Amino acid sequence: MNRMSVNRWPRIGERQIKEALRIVFAAFLLSVSGVCLADNPLVSQVYTADPAARVFDGRMYVITSHDLDTQSGYDMVDYRMFSSDDMVNWRDHGVVFDVRTDTSWANRAYAPDIISRNGQYYLYFPDGAGSIGVAVSDSPDGPFTDPLGRPLVDRNTPNADVQWLFDPGVFIDDDGQAYLYFGGGGPGNARVIRLDDDMISTSGSAITIDVPYFFEGLYMHKRNGTYYLSYSTNPDNGMRIDYMTSSNPTSGFQYQGTVLPNPWENNFNNNHASILEYNNQWYMFYHNRAVANERGASSYQRSINVDRLFYNGDGSIQQVDAGPAGVPKLKNVDPFARKEAETIDSEQGIEAEHSSDGAQNVMMDFGDWIKISNVDFGSGAGGFEARLASNSNTTIDIILDDVNNPPVGTLQVSVTGGLQNWQIQSADVSASGLHDLFLRANGRVNMNWYRFTGDSGGSSTLNVELESLAGQSNFSPFAVQSDSAASGGQYIVWPDNGDQALSSPSDSEQGQVEIIFSLSQPADVQFQVLASMANANDDSFYYSIDSGSWSTQNNTVTSGWESLMPATFSNLGEGTHVLRIKRREDGARLDRVTLIASAGEIVAASDSGPAAININPDTEYQHISGFGGINVPEWIDDLTPAQVDTAFGNGPGQLGLSILRVKIPANPDAWSAQVATPARAQSLYGATVFATPWSPPAHMKTNNNVIGGRLDPDYYDDYAQYLLDFADYMAGNGVSLHAVSLQNEPDWDPDYESCLWSSGEFIDFLSSQGSRFGSLKVMAAESLNFNPALTDPILNNASAEPHVDIIAGHLYGGGLQDYPLAREKGKELWMTEHYTDSQNPANAWPLALDVGKELHDSMMANFSAYVWWYIRRSYGLLTEDGNVSKRGYLISQYSRFIRPGYTRIGATANPALDVYATAYKNGDDITVVVVNMNTSPRDLTLDLQNIGTGSFTKYTTSGSKNVSNDGIVDVSNNSASVSVDAQSVTTFVSSSGPSGSSSSSSSSSSNSTSSSSSSSSSASSSSSSSSSSGGGDALSCSIDLNNWGSGFVANMTVTNNGSSTTNGWSFDVSTGNPITVTGSWSVTLSGSASPYTASNVDYNGSIAPGSSTNFGIQGSGDPGTVTCN
């Protein structure tokens, strides 16, 4: 069922009929379970149409026409505004402009548009189909005023006398020139006219644009220098949204095709769309009749929707796959910050109205509810409070996930003395983790806002008096002044001197303060400030968090000193952060800042002195499968043997990659070209190899072409066999595949080999074919940016889920975040393709440092694997001449020292500003990686829990270093004092690790799995014996052997079973059969044949009693057995 399937009472006489329907509704609640709600249409409490979407101050706003409940024609008279920062939960700002009361000349309010310029917001509105006006406001949600008192464009405007003079679409070009597109009624009626800089006057005559099949709804956007003009086509041509492109905003347009066919539930009726980018993703807003169809209303009652929009590699637009599913969330909701009750994903029966308490309030009656999606309660909420108004005693149920679930709390609503007399009332609740939230009324009540509070000691608070920061170096021209009504009697201000303004903030600008704070665990942080701002037009300030962009607190007026809540900063990591507040306009008086953490502790911190990285090996996260890249000899030259050695060898000057991605060609004749590099990488270095198809063979597809199209369901059996045949072919040529992917980027339709898949197609394929893959792992969906809309349904399908082993995705346009559902289902998360920048060479510094930060973020997102795009490329890990690049050295800070089988463990993720850390363990060994994005070195301490005395070896890549061995760092009293270079990635490798902590078996390869018909296999054996030299009889050596016949990796653990610390060790390593040693790590290996002598290196010769260290050897050939004595 889609979201419209939940019965909603018609708005006509709603309050009068509800009494008669309460008994029916109560029975309905008892009979309906598992209500399934989707995310389109966006709004159901009112009818909305003609969405004009814009991004203002980091938030998505949509202004709409407002279809009346009773209209039998297009009789709209006002505009509604909605906004969201997560694209799922939308705030209803109510009516922002009514032509009957806010103009003296207009009678109708048809499709609008809105834009921002110079701190003002300009609303363009048509009076029916006869003229276009403009209104201006200091805020996107009004109030708007009519500065002209007449139309901006009418039939007297030169060349503007079109059949329908309506549907304004405003656009500001990169050079600052503004344009207004308008018109309708058929071909020949499309126009554009230049706007003056004041945005309320025009320049010159309107220009005619030749638009094929034109009907109405012109909209302009620009991408990569190309102008895209979209519009609605006439009824004879499908009432689609088509588009044209040009290199000029007023002429030269070429027809390109359809963006959106007449959408679902639109009754083959008119449409109106807008296209824009938000948070690196493109969206298309449009309307349909889904709510009206469900309620039995007419086609004159419309509802707005949004779906994602994608571009092909040549800049053309893919057709939008419109439907009720909507778009993925951008972030979770912080329930500990105050939430306006009119911000919802969906609802039953509610209405919104203007509140005497400010903004809007929600009107609720018996059985009415609101749903807020993706609410993250973190470690727990213990209380709920809401601002309510009621003239009778009733209750509000607080429910998680399904409206029919038992409440986790119930608020007893007391009479407030009227439906606009407001009180804050509270209740106890018990909630933790991520949930959808339902608030259900059991009687008549109005709600303005609500928020949750933490369990005892849950959310913590930090208060900072801004005047206490007057000693900071960038404080002036801020000044400290006195006011007995201010907190502490003082505040800071940029002294009022007429109209001073800082139009563009920069990080180094004078007139700012910094609040440095530390979090004990990841949390959302609410930012409040006590402020006195007398004039909304010229009292404002900027703020930013960490290295983020500057935001504006603007258009705000207070009555004396009031607490403002400019923002909630979501998903801040454990460790140190900085909030910066900067002057914008003089006269804004700022006092106490309050920061509220949703979980854990928040304390003031200093940016001077060593910052601590607390490392806890008993806190375990994901196991590491490895780091790698792709090789595609079809498209670029194959890696040479020497380049394979550089990429997959693990010695100095090598990358230490452990994963290789290869392409499954759509033509079997090309399979042989795929063999050489993976065969060498696996036989010599134990590389994990997985394979990805870009397209099935053409004859298996709906379009009989390897470009585009879909897999024909009649060929599911054949396609599964095709993948298995490739695995068998590779196995027959000495390459054992770890996994096969079903499709590369199934949500992308470029002009090269590709194939589109929906989540339903994946489910059908896996359900019918999944069991055929046996021990060969199956990977899905390798979407463009970890698109959960593709993989969530797979994971939640009982037939398909057991047949997918790895959830994989790419990072183009987003997706770098944890995926709890995949982990809950026991799946590994693999990032299988990305490159941070292809425009700059791989040695460009410090641009290359972005790789280090992305690797850190990927590990924090619980990815088990990170796979770069081309291994060798001008922007790759190896440059075109085969030399290791700066990007390569940065990834080797991870890949050389964090081997397959390691486990990420607890560590302070953000110990200082722009410093990021992760830690890993392998048995008793600890590895810590620190990324310092600062332009200055940083002193740190590595504070170790359950770790005996030992040391770390330090390796650094910076502007002047390439995995440089910077020597030994001693550990004393479970702490090591270290320093990291400016703009660097530093890896600390321990020589002895946690004593008595849990250990994990480790292997330097993950190739124990072969395809169903592969003859390759792996076996492991371990043995231990006393050493005869270098450490006495107290030392023992055990072996974890991974042998696949043509090669092997032996991971060895040396343990000190004695009572004193060793000062060095040495073992003889013997193999049953002759082999060739191709690499080793953490050991000095000598000898040309078995037995080999394995001795400690400089950083792991000292082993404390009860502790151990690891080393490894890899080689080609079948060793039979491996022993160390």
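For what it's worth, our numbering labels the leading residue of the sequence shown as 398, then goes sequentially.
All C-beta atoms, glycine included, are put in the ideal place defined by N, C-alpha and C.
These figures come from a predicted structure and were not determined experimentally.
Contact between the stretch 1132-1141 and the stretch 697-714: three or more CB pairs below 8 Å? no
Can you tell me whether DSSP reads E1179 as helix, strand or coil? strand
D798 and H832 - do their beta-carbons sit closer together than 8 Å? yes
If M930 and T953 are in contact, beta carbons under 8 Å, what's the gap, nearest whole angstrom? 5 Å
Three or more C-beta pairs below 8 Å linking the stretch 511-519 and the stretch 567-579: Judged by pairs of C-beta atoms under 8 Å, the stretch 511-519 touches the stretch 567-579, as three or more such pairs exist.
Using DSSP's beta-bridge definition, name the partner residues of K1358. According to DSSP, which records beta bridges pairwise, K1358 is partnered with nothing at all.
In three-state DSSP terms, what is T721? The sequence given here has Pro at residue 721, not Thr. Correct three-state label for P721: coil.
Residue range of the beta strand (DSSP E) that includes I701: In the DSSP assignment, I701 falls within the beta strand (DSSP E) that extends over S700 to L706.
Are the beta-carbon atoms belonging to S644 and T630 less than 8 Å from one another? no
Kindly indicate which three-state DSSP category G516 falls into: helix, strand or coil? Assigned with DSSP and collapsed to three states, G516 falls in coil, not helix or strand.
Is it the case that the Cβ atoms of V1519 and T1458 are separated by a distance below 8 Å? no
Threshold first: 3 residues or longer. Then list the beta strand (DSSP E) segments lying entirely within the stretch 1118-1204, N to C. 1134-1138 and 1174-1180
Beta-carbon contacts of I512 that lie in its chain and below 6 Å, excluding the five residues immediately before and after: Y519 and V567
If I follow the unbroken alpha helix (DSSP H) through F1536, where does it start and stop? The chain is shown only over 398 to 1522; residue 1536 falls outside these bounds and no answer can be derived.
Given a cut-off of 8 Å on the beta-carbon distance, is the pair V1494 and T1481 in contact? Contact annotation: V1494 and T1481 have beta-carbon atoms nearer than 8 Å.
Tell me whether S873 is buried or exposed, calling it buried when 16 or more other Cβ atoms sit within 10 Å of its Cβ. exposed
Just to check my reading of the structure: L1213 and S1282 have Cβ atoms closer than 8 Å, yes? What is that Cβ distance to the nearest angstrom? Wrong, their Cβ atoms sit about 22 Å apart, outside the cutoff.
Hey, could you find the ends of the alpha helix (DSSP H) Q1290 is sitting in? K1283 to S1292
In angstroms with no decimal places, state the Cα-to-Cα distance between D896 and Y697. Near 48 Å, if we compare the C-alpha coordinates of Y697 and D896.
Let me confirm a value: F650 is counted as buried when at least 16 other C-beta atoms fall within 10 Å, else exposed. Which label applies? buried
Would you call the stretch 1025-1036 in contact with the stretch 1351-1358, where contact means no fewer than 3 C-beta pairs closer than 8 Å? no
Three-way DSSP call (helix, strand, coil) for L439 in this model: coil
Express the C-alpha separation of S829 and S1483 in angstroms, rounding to a whole number. When rounded, the distance between both Cα atoms is 57 Å.
Among V1386, V1000, S787 and Q887, the one whose alpha carbon lies nearest that of W958: Q887
Can you tell me where the alpha helix (DSSP H) holding V690 begins and where it ends? Residue identity differs from the one stated: residue 690 is Asn in this sequence, not Val. Taken as a continuous stretch (DSSP letters only), the alpha helix (DSSP H) holding N690 covers A687 to R692.
For G885, count the other beta carbons within 10 Å of its own beta carbon; 16 or more makes it buried, fewer makes it exposed. Which is it? exposed
Beta-bridge partners of D1437, as assigned by DSSP: DSSP lists N1448 as the beta-bridge partner residues of D1437.
Is it the case that the Cβ atoms of L834 and I769 are separated by a distance below 8 Å? yes
I want to know whether the stretch 896-907 touches the stretch 959-967 - three or more CB-CB distances under 8 Å. With a cut-off of 8 Å, the stretch 959-967 and the stretch 896-907 do not count as touching, because too few Cβ pairs lie within range.
Assign T663 to one of two classes, buried (16 or more other C-beta atoms within 10 Å of its C-beta) or exposed (fewer than that). Residue 663 is actually Asn in this sequence, not Thr. Buried, since its Cβ has 16 or more Cβ neighbours within 10 Å.
CA-to-CA distance, M1176 to V1264, given in whole angstroms: 14 Å
Contact defined as beta carbons within less than 8 Å: I believe R841 pairs with D762. What is the distance between those atoms, to the nearest angstrom? 5 Å
Ranges of the beta strand (DSSP E) found wholly within the stretch 853-907, counting only runs of at least 3: 858-862, 876-879 and 887-890
Going along the chain, which residues of its own chain have a beta-carbon closer than 6 Å to the beta-carbon of I1535, five neighbours each way excluded? Because the chain spans 398 through 1522 in this model, residue 1535 falls outside it and cannot be assessed.
At least 3 beta-carbon pairs within less than 8 Å: the stretch 663-675 vs the stretch 605-623: yes
Nearest-angstrom Cα distance between G780 and R735? The straight-line gap from Cα to Cα measures roughly 13 Å.
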